[in-house]
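What follows is a short report on a single structure.
Here it is as structure tokens:
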């Protein structure tokens with residue numbers, strides 16, 4: 011998993027077909043195959059209007075974080091609400107397409123197109139304009155200020 015090719019990088023926008031499916035970019039499918047991921051854990055991002063997608067290891071990472079605090083604490087309760095209540099498992103079909111369900115559409119504001127965004131160990135689904143706006147804001151926040 012430490013190889014360069016086993017990371018989700020770049021972004022691509024694909025159209026949703028008439029049956030509500032979208033083709034996952036070939037480079038992302040290759041990473042899924044390389045990492046042996048067949049079942050996708052999808053959750054509503056904590057910050058952005060996007061759906062984060064990875065393998066079961068993504069869920070494991072969040073559950074380790076929850077387990078590191080008192081299980082009866084408000085923090086653990088809130089985190090579980092987001093991780094478990096805002097997550098589902100999905101699979102790609104035989105042609106590498108993902109069904110764009112209401113879970114995805116409603117949270118991310120997606121209608122006809124999906125922008126796939128690499129995030130190293132997982133990827134995200136965005137409404138295209140929302141992604142471009144968030145990326146521009148992130149870039150503007152990284153511009154060095156004159157001294």
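In the numbering used here, the protein residues as written are 11 to 157. All residues carry an ideal CB built from backbone N, CA and C; glycine is no exception.
Within 10 angstroms of the beta-carbon of residue 132 lie 16 or more other beta-carbons, which makes it buried. Per the DSSP secondary-structure output, residue 135 pairs in a beta bridge with 61, 126. Look at residue 82 here: in three-state DSSP terms it is coil, with no helix or strand label. Counted as a single uninterrupted DSSP element, the alpha helix (DSSP H) harbouring residue 37 occupies residues 36-44.
A straight-line Cα-Cα distance of about 41 Å links residue 23 and residue 80. The beta-carbon distance between residue 52 and residue 89, rounded to whole angstroms, is 17 Å. This is too long to meet the 8 Å contact definition. A distance below 8 Å between beta-carbons, with the five flanking residues on each side excluded, links residue 64 to the following residues of its chain, in chain order: 47, 50, 51, 131, 132, 133.
Excluding its 5 nearest sequence neighbours in each direction, residue 114 has C-beta neighbours in its own chain below 7 Å: 61, 120, 135, listed in chain order. Contact between residue 98 and residue 76 does not hold, since the beta-carbon distance rounds to 17 Å and is not under 8 Å. For residue 25, the enclosing beta strand (DSSP E) starts and ends at 21-25.
The C-alpha of residue 69 lies about 15 Å from the C-alpha of residue 129. Straight through space, the alpha carbons of residue 118 and residue 55 are spaced by roughly 9 Å.
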